[in-house]
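Numbering (our numbering), first residue to last: 498 to 631.
All C-beta atoms in this analysis are idealised placements derived from N, C-alpha and C, irrespective of residue type, glycine included.
For reference, the structure discussed in these notes is given below.
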């Protein structure tokens with residue numbers, strides 16, 4: 498389940514980001530944003546929640562992300578590359594699962610195949626490879 502911060506912690510982060518951006522008071526920032534100072538103070542105190550649209554505008558004004566504004570340290574998971582060629586995907590899986598020595602062997606084999614491919618016309622399989630093809 499996703500953990501959702503409460504309004505008080507979001508308000509504290511809002512205040513922290515405001516101060517980092519150089520606004521010394523909530524009133525000064527509220528005036529800058531065209532907001533009622535009392536309402537903005539309620540946001541910082543966690544008495545009321547922000548709409549997504551207003552949070553986005555405040556984040557832009559404070560030069561921070563929505564995650565930073567809300568006090569969330571978020572790092573998206575690294576994307577796995579999608580390979581159109583299933584052989585390339587399997588080769589990458591084998592490489593990732595190998596030891597450093599195994600990776601070196603895989604790389605050496607791939608380099609050798611690259612050089613061999615430069616010498617053979619496209620679509621033609623050399624006789625030595627025909628025996629090895631599965």
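| Touch test, the region 501-513 against the region 536-546, Cβ-Cβ under 8 Å, three pairs minimum | yes
| In terms of residue numbering, what span does the alpha helix (DSSP H) encompassing residue 602 cover? | 597-616
| Any idea if residue 592 is buried or exposed, counting beta-carbon neighbours within 10 angstroms, 16 or more meaning buried? | exposed
| task | Using a threshold of 7 Å, state whether the C-beta atoms of residue 538 and residue 523 are closer than that. | result | yes
| With 16 other Cβ atoms within 10 Å as the buried cut-off, status of residue 608 | exposed
| Test item: CB-CB of residue 567 and residue 507 under 7 Å | yes
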